[in-house]
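Residue numbers (mature numbering (1 follows the signal peptide of the UniProt record, and there is no 0)): -27 to -1, 1 to 544. Below is one structure, written out as structure tokens; the observations come after it.
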């Protein structure tokens, strides 16, 4: 009887495995995960490290609009998938940045981002973006521990053409209508471990294996530049984009200060010296885990590697050769005794700090003009060092309490091809100016615009009102046919490179009231009332009576009695 029961158990187990294993295998095959680290020297001796953790899922983006369509998420973060599904998001981009990227010296970053926080999203055509946007902001704020709930309607924008979808286009309506787009930035948002820790939890292997082993908060935040990124986009699964899935790219860009050595001409660093942790293993869930080092990022400087790379190659970028050495972590950690990667060093006689970096084709700089607390202005300088004309999109976003005067807009050394301006509404909407400019070759163009400061209510000021208010970074968007200064993680060269530049955010002071005046008035009035009330109360309530004669002491009575008797005898 027991043997027959055991046969039935084996039969049911075999049927269950026969039905579930194909689904499980198919679910695993639908997802792929890769991680990559790209490192190179910058012109001023600093070292840049760019991480890219990419998860591709063959589920169609429209399935995310109904959470019931997806039951098993695999290595895809379920918390993020539920946010995307609940708020009907097709494309989502969030960056948290500390520091300003120095384009003039470092070239163009792989993942451009302004200082502070930046959030922009494209919603599905059937979604009510006006209603979904506040909920999405709160959800992302809770997901990464950021103070994004400071974003409201007065700090949100709908750029017309500057922020187009980066992923696959699902419908023509989305590609032509900016009503489904929402953009916001918080230049003052600080980035710390409270944001970094939940970001690492979105990785399939976290910080236990793979490139995540290098993450140590002290080393990552003790640097010159730090930028976290989360990018969710539709992704083409084939060359013809016949099949569309989704892609989640978690990025991290760090710029370390120049290594300190006894000989200035020798710069030597290792992964452990930069990150304070060794790299010992690859993520078992990743089909690709690599560390790439660019060995000729600076002209005249060659990088000598102390270990033979798994693969070497040359990439043509804008007619310039870029030699790269690739270390495959899977092949390096196959042995039972995994060893950390040895240090990567620069040849002793090659480095010189006076090396002038190659001038980027496009640069942008912005500053304030004017003095006092009434009138002011914005001045932007755009430099085109290319030998041909370049068309750019210029986006300016100014809070409503700076009264822009559009008639003062001045553009020199450039041609305005089109202009889109959205005026502000007090406490409801900010100013937005979008220009399409044609920059002449080898020229520097200037834009200026005047504004007048408004007076805020005393309750509308921040707790540290004397610090001032920020104006978002100006955004320059263009397409370059050649980009030798671009930092690319791709192995192949691209014919066209969409370039986005951010200027410096501006800190502007506003007229501030005397916040101590209510306190001083309250103290003064209360003191006067207390003194006056006490005196009046005593005068009006006290009963005046003649003082009672005090009883004389015995000695006093005796002396007085003796004095009276002596006086009587003398009389």
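Cβ atoms here follow ideal geometry from the backbone N, Cα and C, with glycine treated the same way. Values in this document were obtained by computation on a predicted structure and should not be read as measured data.
Taking C-alpha positions only, residue 182 is separated from residue 167 by approximately 21 angstroms. Counting only runs of at least 3 residues, the segment 153 to 241 fully encloses the following beta strand (DSSP E) elements, listed from N- to C-terminal order: 154 to 159, 198 to 209, 217 to 229.
Per DSSP, residue 504 is one residue of the alpha helix (DSSP H) stretching across 490 to 514. By the criterion of a C-beta distance shorter than 6 angstroms, residue 202 is surrounded in its chain by 68, 84, 224, once the five residues flanking it on both sides are discounted. Ranking 195, 252, 139, 278 by CA distance to the CA of residue 209 puts 139 first.
A straight line joining the alpha-carbon of residue 452 with that of residue 494 spans about 60 angstroms.
A check of alpha carbon separations from residue 343 across 415, 279, 421, 360 identifies 421 as the nearest. DSSP places residue 535 in the helix class (H, G or I) of the three-state scheme.
Within the same chain, Cβ atoms closer than 6 angstroms to the Cβ of residue 297 are found at 265, 267, 286, the five residues on either side in sequence being excluded.
By the beta-carbon neighbour count (other beta carbons within 10 angstroms, threshold 16), residue 419 is exposed. Spatial neighbours of residue 446 in its own chain (CB-CB distance under 6 angstroms, excluding positions within 5 residues in sequence) are listed in chain order as 87, 475, 476, 478.
Residue 252 and residue 159 do not touch by the CB rule: their CB atoms are close to 34 angstroms apart, not below 8 angstroms. The Cβ-Cβ distance between residue 62 and residue 94 falls below 7 angstroms. Annotation note: the segment 31 to 116 contains the following uninterrupted beta strand (DSSP E) runs of length 3 or greater, listed N- to C-terminal: 62 to 71, 89 to 96.
In the three-state reduction of the DSSP assignment, residue 135 falls in the coil class, being assigned neither a helical nor a strand state. Leaving aside the five residues that flank residue 434 on each side, the residues in its chain whose CB is nearer than 7 angstroms to its CB run, in chain order, 485. Taken atom to atom, the span from the alpha-carbon of residue 192 to that of residue 29 is near 30 angstroms. Across the set 107, 90, 78, 216, the C-alpha of 216 shows the shortest separation from the C-alpha of residue 34. It is roughly 20 angstroms from the alpha-carbon of residue 414 to the alpha-carbon of residue 383.
Around residue 171, the same chain offers 116, 117, 118 as residues with beta carbons nearer than 8 angstroms, after the five sequence neighbours per side are excluded. The C-beta distance from residue 141 to residue 98 rounds to 15 angstroms, too long to meet the 8 angstroms contact threshold. DSSP places residue 373 outside both helix and strand once states are collapsed to three, so it counts as coil. In this structure, 482 is the residue among 482, 394, 385, 489 with its C-alpha nearest to the C-alpha of residue 425. For residue 347 and residue 427, the gap between their C-alpha atoms comes out near 8 angstroms. Per the coordinates, the alpha-carbon of residue 231 lies some 8 angstroms from the alpha-carbon of residue 240. Taking residue 79 as the centre and dropping the five residues before and after it, the same chain places the C-beta of 15 closer than 6 angstroms to its C-beta, in chain order. Between the segment 361 to 380 and the segment 393 to 400 there are three or more C-beta pairs closer than 8 angstroms, enough to call the two in contact. Here residue 122 carries a helix assignment [DSSP, helix/strand/coil]. In the same chain as residue 388, and ignoring 5 residues on each side of it, the C-beta atoms closer than 6 angstroms to its own belong to 411, in chain order.
Out of 351, 13, 19, 58, the CA that lies nearest to the CA of residue 36 is found in 58. For residue 303, the enclosing alpha helix (DSSP H) stretches over residues 302 to 305. Within the same chain, Cβ atoms closer than 6 angstroms to the Cβ of residue 405 are found at 130, 370, 395, the five residues on either side in sequence being excluded. In this structure, residue 64 and residue 205 form a Cβ contact; the two beta carbons are roughly 7 angstroms apart against a cut-off of 8 angstroms. At the C-beta level, residue 336 and residue 356 come within 7 angstroms of one another. Judged by DSSP in its simplified three-state form, residue 354 adopts strand. Non-local beta-carbon contacts of residue 151 in its own chain, meaning distances under 7 angstroms to residues more than five positions away in sequence, involve 131, 132, 133 in chain order.
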